[in-house]
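Here is the structure we will look at, set down as structure tokens.
Number of protein chains: 2
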Amino acid sequence: MTINQLLQQLEPTSPILQASFGLERESLRISKQSQTVAQTPHPVSLGARSYHPYIQTDYSEPQLELITPVAQSSKEALRFLTAITDVAQRSMDREEYLWPLSMPPKLEEEDIRIADLDDPFEVSYRHYLAEKYGKKLQSMSGVHYNIELGKDFIADLFRVSGYASEVHFKNDLYLKLAQNFIRYHWLLTYLYGAAPIAQQGFLKEDLTDCVRSIRNSDLGYVNDSDVQVSYESLEAYVQSIEDCVNDGRLIAEKEFYSPVRLRGSKHNRDYLTQGVTYLECRSFDLDPFHHLGISQETLDTIHLFILALLWLDSPQQVTKELETAKDLNHQIALSHPLEALPDKAPLKDILTAMAAVIQHFSLPHYYQDLLQQIEQQVADPRLTVAGRLYPHIQNHSLEDFGRLKGQQNQDQAWTAPYALKGYESMELSTQMLLFDAIQKGIHFDILDESDQFLKLWHQDHIEYVKNGNMTAKDNYVIPLAMANKVVTKKILAEQHFPVPAGAEFSDKQEALAYYPLIKNKAIVVKPKSTNFGLGISIFEEAASLPAYEKALDIAFAEDTSLLVEDYIAGTEYRFFVLDGKCEAVLLRVAANVVGDGRSSIRQLVEQKNQNPLRGQDHRSPLEKIQLGAIELLMLEQQGYTPDDRLAEGVQVDLRRNSNISTGGDSIDITNDMDTSYKELAADMVKAMGAWACGVDLIIPDRSKKASRTEPNCTCIELNFNPSMYMHTYCHEGPGQIITGKILAKLFPEILS
Amino acid sequence: MTINQLLQQLEPTSPILQASFGLERESLRISKQSQTVAQTPHPVSLGARSYHPYIQTDYSEPQLELITPVAQSSKEALRFLTAITDVAQRSMDREEYLWPLSMPPKLEEEDIRIADLDDPFEVSYRHYLAEKYGKKLQSMSGVHYNIELGKDFIADLFRVSGYASEVHFKNDLYLKLAQNFIRYHWLLTYLYGAAPIAQQGFLKEDLTDCVRSIRNSDLGYVNDSDVQVSYESLEAYVQSIEDCVNDGRLIAEKEFYSPVRLRGSKHNRDYLTQGVTYLECRSFDLDPFHHLGISQETLDTIHLFILALLWLDSPQQVTKELETAKDLNHQIALSHPLEALPDKAPLKDILTAMAAVIQHFSLPHYYQDLLQQIEQQVADPRLTVAGRLYPHIQNHSLEDFGRLKGQQNQDQAWTAPYALKGYESMELSTQMLLFDAIQKGIHFDILDESDQFLKLWHQDHIEYVKNGNMTAKDNYVIPLAMANKVVTKKILAEQHFPVPAGAEFSDKQEALAYYPLIKNKAIVVKPKSTNFGLGISIFEEAASLPAYEKALDIAFAEDTSLLVEDYIAGTEYRFFVLDGKCEAVLLRVAANVVGDGRSSIRQLVEQKNQNPLRGQDHRSPLEKIQLGAIELLMLEQQGYTPDDRLAEGVQVDLRRNSNISTGGDSIDITNDMDTSYKELAADMVKAMGAWACGVDLIIPDRSKKASRTEPNCTCIELNFNPSMYMHTYCHEGPGQIITGKILAKLFPEILS
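One line per chain: the protein sequences are A and C, in this order.
One point on numbering: in the UniProt record's numbering, the residue at position 480 of the first sequence is 480, and numbering is uninterrupted.
One point on numbering: in the UniProt record's numbering, the residue at position 104 of the second sequence is 104, and numbering is uninterrupted.
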């Protein structure tokens, strides 16, 4: 049975790009002050390492390990890594950043604190490794690239293979990939090697010149020379590692370090019966030119490289050919960054295989471009990562470069801190909730991105969340009640909460007959299902019968039912109530500018729009103020033009409505609002039976206290799925955290 | 302080029609077999009389008392009565009906079983009454009309009254109404009296001729002559009743029978401090020409009459004038049905007052019509109820008439038994749930009719229900998950339930790149949010690439995302799962007819459409089969014209789709479906975390059993808010009760 030439036999339409991916990236936390590894413990905000699926520590306490979940595409994997990196960066002390290079900055053995984990085995294992390899060597960081070939792709291969057992087939397939990976590892080292120098004293013997990748050479973090593992067969591979463990050359199977490892079971021997399920490629140095340590193009080039490994035949004389390949890799790893590939490198074999895969399966043009990039990098070493890094070496050091890049990356993470990088297309509240989930180590899966539908889980406990706060904590019928203004009012009124008096009509004659009852009152006439304020008439003074009739016609044009309600004068506040407690109070005021005695209104708007919280299309917590027709008319009505200079302290409103979406300001007044109103709002929500609810209260005079008997306010609306981000990132006021509280209530077992 | 001339002082726009209403109607259950009062106990299906708010028994076990909740209009009150009557009629033994007349059929004292109530006081009170008045007299039935004048109307009156205390004002107002009601009671007796004869032996002395209303005369159910109650003042009224109770002339205040009573407190004396709140007018005989015992026009005429009582001054010499009026009423009650009003009746006063009210307040023309009807009835006694009833008296008996009317009413109640009379405009499932609630004595309030939003309650326990089964029993996020096909599939697939394999695409190129994976399969291409089947392409055999691409274009024209799924062949069944248990299984088949060897297809359709379950626009459990363009084309494709005669037993489909809404048949196969499928469907719903859920399974061969490992079926959809009525009223099969189970789970404290 042979595993060669299988790919060649597949139909060109076979889904060979089908695969799943996982990435792991290590990186050191660096203190800005000491300019070396941070002495602080793993950030407390990152929850518990005993279960955190995404953010762990590797060997030492400051060495973060960022782990993506399994992704169905390399793009998704990089997106996961983007978000996890963003969370890690923003969970660290603001005086720290992530080191962007595989080789650490200058550090002393005693600066390196072994990771302070709960598991005593993991701690003692790290002490053993420290003893054996030295703590400095362990500080080298890189990226692991895990790939599992697609189910349908493997099924196609299996079909043409002639194998009887799919387990045996997959084992041979992945073994062949591992063999060929080692055979052609030197190409990856040439292209992506990025560990050209060690700080003085890092190596036992300082190198005389720059190289491509210390980490990928024998000077890297490698096993002792007496650890020899066979790739002749899977049985030999398993046996030789077991032998090393049995006679103490290795303390455990996982101490076997290799640029590539077979994966899928805890114990290697299980592969023989259960099968290898994926490949772990461990050789990638951190790409310092990419803030994630690896780029999309690199991920896809590796994928193409792996498919080429499958296209190529297996080595004939496995051990011998792999030894030769290892030597070649060592040589290239220790060659100068600007040195070309040696002639003996079997470059043509692998490049031809890549081209053949592209052609046979008519891969998208993108892969042709990737291959062309490789050819250019082969032709010109300056285009490789090491080649591009070389000019940044100053005084035989990359410390200044690393510091600059690291701080740039950290600053970038803190721009638009309301957004979760990689997920900016989702709603802000969902981004914030996802940030919190990743931070606390709660598993997440986006079941439907456009629907903002998340699955969150910890161990066996699953919670589904839609739009940030639609959860199992609310019951079904109550949000449906809140979606209906008439029903909401009836329920609140029955429990003697203050709501505007009024009536509903679906017949114009009946609505006209109601006139006597409202003829002396300020009223609002509105369609029952108001959409964006259409069809609403407000009479701040009593309406004449013709005016009332006209308002009825306007409202009936929008809906078959309308409401005639008392108009309530006063200021509107939004109370965010969660699980019976008011967590935030917001005042929204119309878009406005305040004069400084020098600037025109137009300039003041521009200045105000500089606030990084202001953006467009709900991608930011606040919207940029426009100077459109409505705003210009509003200015004109007040006797201004946009070019008028405003005296210091003079405030001019640019809108009548106070919506955030039209440039309004959000003012967090949670701490200033009298407790009596917060309690009343919470009581309303409890009476309604809702869990997460936004309560809109009109308060004429908030210096007075509220009570059940004298509420001094009126509830004009209850909102299901209330906005959360607007309470957190405010134009004014401290802002209140909401999504974190949602999460803590969903997972009290780990977050309370 | 005087209460006269107040109405005259009000502005014409004062809301004088504002009032709330309540109706009580008594009626005897009659056995078809014995043709006299039923000997059966109060129907068990009507829940417990200890708390039933709507359906009670009056004095005797067969005397039903139907009680409406307080209604905001007479129309709403009559609608309540319509529904409650419908429920009462359909909860009785099919061999019984309600007696439509105030005077009972021939009965013997020993036939009358005193109501078998739980409360020992109520039972002994009834025994005392039986002793005192005789059980026969207690069998007379009537309608009580309760009215409370509107809040704003009373406020307007109070404003012009000069009174300082609103309680005193209201007391004087309602006392005046009561005084004037007794003064003009004779008019109501003339118009609505409908108790012309008693069956032989009913009265101590048989009457020689027909009269207007035995029940409204002194021969009716009246207190002994030593019970004299003063209407001079409220204090005198309270005191004189108390005196009767204290010296034993009455056993309790409620034993005081009068055509009108002041109401609002349990003890009359409380009126002095808390105020009378409404008026109970007790004099109305059952109108045998209306199946509810009273008509809309009568209700509104009474309302106009009461407003006229308010327009008129109070009596000057209360006791004297009321005595005179009582005598007049007695005389008219015992006059012949075709006898005109005596000249001494102060007809002009009351008619003029009615006209004045109509004119002063510009009441709608409808009230003018009502007044005109009174004038016509006054002019021609044959137009009064007694006058119209007179011709039906045969052999000095109304038994035949009563039997006919009673049975007609009962038959009418059983037509369209899926509907709740009065609420036919609501969704069928909501009508059925309301029926169940009224039957079991659960309070209901329709918070929003067009939104199908109900409030149900028993004591302090409130449940809200929307669309029949959207309740607090489901949590918020799960129905939202079920509304999203992709999310539903992911959740089911993660738990290893059978769902069609497939993928979601929002990019055409990616969808095209997927072709290799489906190129040999039967597939469905559909927009992610399918609406009415638009944009769906089914390939029962593998699609060519151009056909696949066209299907993508069609789907993308409907939505920005589409699904490509395996096409699953087999029969689709709907499983209704509630609270972890499958309660019903339905097979839906396309609209079809089966030949009888004689009729044409057109005739067969007509015959099938005669089924009372078939109607139009979802007002019935099944829809009438159309012979429109689609059906004709379908016939043509099978080589038929609508006028072709079909051989016996030949079935011809008229539609390809099996929707009930296009004339399809519903077949209840709950009892035939193998338990293994019901359990699998229930397991899916439990895994999903839903309470009420419709599971659509495709089963290729239901002679095989289902299991978790070999499901032998595929779930193509989970439905939140699944239809319930279609399981209950089926074209074929026994039908399953669902709404009753919903209710029992909502109120287990009384229904389990």
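Built from N, CA and C at the ideal position, the CB exists for glycine as well.
Given the structure is predicted, the values throughout are model-derived calculations rather than measurements.
**Message:** My output table needs one value for A:V167: the three-state DSSP class, helix, strand or coil.
**Reply:** Here residue 167 of chain A refers to the residue found at position 167 when the first sequence is read from its first residue. It is helical.
**Item:** C-alpha distance - C:E109 paired with C:Q228, whole-angstrom precision
**Value:** Here the question's residue 109 of chain C lines up with position 109 in the second sequence. Here the question's residue 228 of chain C lines up with position 228 in the second sequence. So the two alpha carbons sit approximately 29 Å from each other.
**Request:** Note down the Cα distance separating A:P527 from C:E623, rounded to an integer number of angstroms.
**Result:** Reading the first sequence from its first residue, position 527 is the one you call residue 527 of chain A. Reading the second sequence from its first residue, position 623 is the one you call residue 623 of chain C. The straight-line gap from Cα to Cα measures roughly 33 Å.
**Request:** Within 10 angstroms of the Cβ of C:L107, are there 16 or more other Cβ atoms? Answer buried if so, exposed if not.
**Result:** Position 107 of the second sequence, counting from 1, holds the residue named residue 107 of chain C. Buried.
**Asked** How is C:G649 classed by DSSP in three states: helix, strand or coil?
**Response** The sequence position of residue 649 of chain C within the second sequence is 649, counting from 1. Coil.
**Request:** Specify the secondary structure class of A:Q56 as computed by DSSP and reduced to three states.
**Result:** As a working note, residue 56 of chain A is residue 56 in the first sequence. Strand, per DSSP.
**Asked** Cα separation between A:H392 and A:A386?
**Response** Within the first sequence, residue 392 of chain A is the residue found at index 392, counting from 1. Within the first sequence, residue 386 of chain A is the residue found at index 386, counting from 1. The alpha-carbon atoms of A:H392 and A:A386 are separated by roughly 10 Å.
**Item:** Cβ-Cβ distance between A:S676 and A:S707 below 8 Å
**Value:** The residue you call residue 676 of chain A lines up with position 676 of the first sequence. The residue you call residue 707 of chain A lines up with position 707 of the first sequence. Using a Cβ distance threshold of 8 Å, A:S676 and A:S707 count as a contacting pair.
**Request:** Measure from the alpha carbon of A:K303 to the alpha carbon of each residue in A:K75, A:D156, A:W414 and A:Y567, then state which is nearest.
**Result:** Locating residue 303 of chain A in the first sequence gives position 303, where the first residue counts as 1. Residue 303 of chain A is actually His in this sequence, not Lys. It is A:K75.
**Asked** Would you say C:K170 and C:V276 are within 8 Å of each other, going by their C-beta atoms?
**Response** Sequence index remark: in the second sequence, residue 170 of chain C carries index 170 (1-based). Sequence index remark: in the second sequence, residue 276 of chain C carries index 276 (1-based). Yes.
**Asked** Among residues of its own chain, excluding the 5 on either side of C:L6, which ones have a beta-carbon nearer than 7 Å to its beta-carbon?
**Response** By 1-based counting over the second sequence, the position of residue 6 of chain C is 6. Close CB contacts of C:L6 within its chain, under the 7 Å cut and outside five residues either way in sequence, are with L157, V160 and S161 (chain order).
**Request:** Count the other CB atoms, across all protein chains shown, that sit within 10 Å of the CB of A:Y128; report buried if there are 16 or more and exposed otherwise.
**Result:** In the first sequence, the residue the question calls residue 128 of chain A occupies position 128. Residue environment: A:Y128 is assigned as exposed (fewer than 16 neighbouring CB atoms within 10 Å of its CB, all protein chains considered).
**Item:** Burial state of A:F575, where buried means 16 or more other Cβ atoms lie within 10 Å
**Value:** Mapped onto the first sequence, residue 575 of chain A falls at position 575. Buried, since its Cβ has 16 or more Cβ neighbours within 10 Å.
**Asked** Should A:M470 be flagged as near chain C, meaning a C-beta pair shorter than 8 Å?
**Response** Against the first sequence, residue 470 of chain A aligns to sequence position 470. Yes, contact with chain C.
**Request:** Classify A:D436 as buried or exposed, calling it buried when 16 or more other Cβ atoms lie within 10 Å of its own Cβ.
**Result:** Here residue 436 of chain A refers to the residue found at position 436 when the first sequence is read from its first residue. Result: buried.
**Prompt:** In terms of residue numbering, what span does the beta strand (DSSP E) encompassing A:N592 cover?
**Reply:** As a first step, residue 592 of chain A must be located in the first sequence, where it is residue number 592. In this chain, the beta strand (DSSP E) harbouring A:N592 covers N592 to V594.
**Request:** Identify which residue in A:L117, A:D668 and A:T85 has its Cα closest to the Cα of A:P734.
**Result:** For this step, residue 734 of chain A is matched to residue 734 along the first sequence. The option with the nearest alpha carbon to A:P734 is A:D668.
**Request:** Using 10 angstroms around the beta-carbon of C:L404, count the other beta-carbons present and answer buried if the total reaches 16, otherwise exposed.
**Result:** Along the second sequence, one-based indexing puts residue 404 of chain C at 404. Label assigned to C:L404: exposed.
**Proximal residues of chain C, C-beta to C-beta of A:V486 below 9 Å** = Translated into positions along the first sequence, residue 486 of chain A becomes position 486. Under the 9 Å cutoff, chain C gives L447, D448, D451 and F453.
**Asked** Looking at chain C, which residues of the region 481 to 514 of chain A have a Cβ within less than 7 Å of any of its Cβ atoms?
**Response** Residues passing the 7 Å Cβ filter: A481, N484, V486, V487 and K490.
**Prompt:** What three-state label does DSSP hand C:V487 in the structure shown?
**Reply:** Residue numbering aside, residue 487 of chain C sits at position 487 when the second sequence is read from its first letter. Correct three-state label for C:V487: helix.
**Prompt:** Cα separation between A:N223 and A:R215?
**Reply:** Stepping through the first sequence from its first residue, residue 223 of chain A is reached at position 223. Stepping through the first sequence from its first residue, residue 215 of chain A is reached at position 215. A:N223 and A:R215 have their C-alpha atoms some 13 Å from each other.
**Message:** Taking the straight line between their C-alpha atoms, what separation do you get for C:V357 and C:W311?
**Reply:** Position 357 of the second sequence, counted from the first residue, corresponds to residue 357 of chain C. Position 311 of the second sequence, counted from the first residue, corresponds to residue 311 of chain C. Spanning the two alpha carbons is a distance of roughly 7 Å.
**Message:** Between C:E710, C:H618 and C:I568, which has its C-alpha nearest C:E424's C-alpha?
**Reply:** Numbered from 1 along the second sequence, position 424 holds the residue referred to as residue 424 of chain C. For C:E424, the closest of C:E710, C:H618 and C:I568 by C-alpha to C-alpha distance is C:H618.
**Request:** Say whether chain C places a C-beta atom closer than 8 Å to the C-beta of A:N520.
**Result:** Position 520 of the first sequence holds residue 520 of chain A. Not closer than 8 Å to any Cβ of chain C, the Cβ of A:N520 fails to qualify, so no.
**Item:** Of the listed residues C:K508, C:E321, C:N520 and C:I446, nearest to C:E549 (C-alpha basis)
**Value:** What you label residue 549 of chain C is simply residue 549 of the second sequence in a count that begins at 1. Distances from the CA of C:E549 to each of C:K508, C:E321, C:N520 and C:I446 were compared; the closest alpha carbon is that of C:K508.
**Item:** Residue environment, A:Y145, which counts as buried when at least 16 other CB atoms sit within 10 Å
**Value:** Position 145 of the first sequence, counted from the first residue, corresponds to residue 145 of chain A. Counting the other CB atoms within 10 Å of its CB gives A:Y145 a total of 16 or more, which places it among the buried residues.
**Prompt:** Given that C:T13 touches chain A, what residues does it touch there, using C-beta distances under 8 Å?
**Reply:** Translated into the one-based positions of the second sequence, residue 13 of chain C becomes position 13. Residues of chain A whose Cβ lies closer than 8 Å to the Cβ of C:T13 are, in chain order, Y515, P516 and K519.
**Prompt:** Along chain C, in chain order, which residues have C-beta atoms closer than 9 Å to that of A:P479?
**Reply:** Counting from 1 along the first sequence, the entry for residue 479 of chain A is found at position 479. The answer, in chain order, is Y476.
**Prompt:** Closest to C:Q459 by CA distance: which of C:K466, C:K254, C:G468 and C:G441 is it?
**Reply:** As a first step, residue 459 of chain C is located in the second sequence; it is residue number 459 there, counting from the start. Comparing alpha-carbon positions, the option among C:K466, C:K254, C:G468 and C:G441 lying closest to C:Q459 turns out to be C:G441.
**Message:** Can you determine whether any heavy atom of the ligand ZN sits closer than 7 Å to the C-beta of C:P315, and answer yes or no?
**Reply:** Ligands displayed in this structure: none; no statement on the ligand ZN is therefore possible.
**Message:** If you follow the alpha helix (DSSP H) that A:C244 is in, where does it begin and where does it stop?
**Reply:** As a first step, residue 244 of chain A is located in the first sequence; it is residue number 244 there, counting from the start. Start and end: L234 to N246.
**Asked** Shorter than 8 Å from the beta carbon of A:Y418 to some beta carbon of chain C?
**Response** For the purposes of this step, residue 418 of chain A is identified with residue 418 of the first sequence, where counting begins at 1. Not one chain C Cβ lies under 8 Å of A:Y418.
**Item:** Segment contact flag, the region 475 to 489 of chain C with the region 470 to 479 of chain A, C-beta cutoff 8 Å, min 3 pairs
**Value:** At 8 Å Cβ cutoff, the stretches touch.
**Request:** Locate the alpha helix (DSSP H) running through C:S91, then write down its first and last residues.
**Result:** Walking along the second sequence from the start, residue 91 of chain C turns up at place 91. Taken as a continuous stretch (DSSP letters only), the alpha helix (DSSP H) holding C:S91 covers S74 to S91.
**Message:** By the three-class DSSP mapping on this structure, what secondary structure does A:H291 have?
**Reply:** Position 291 of the first sequence, counted from the first residue, corresponds to residue 291 of chain A. Looking at A:H291 - three-state DSSP - the assignment turns out to be coil, as it is neither helix nor strand.
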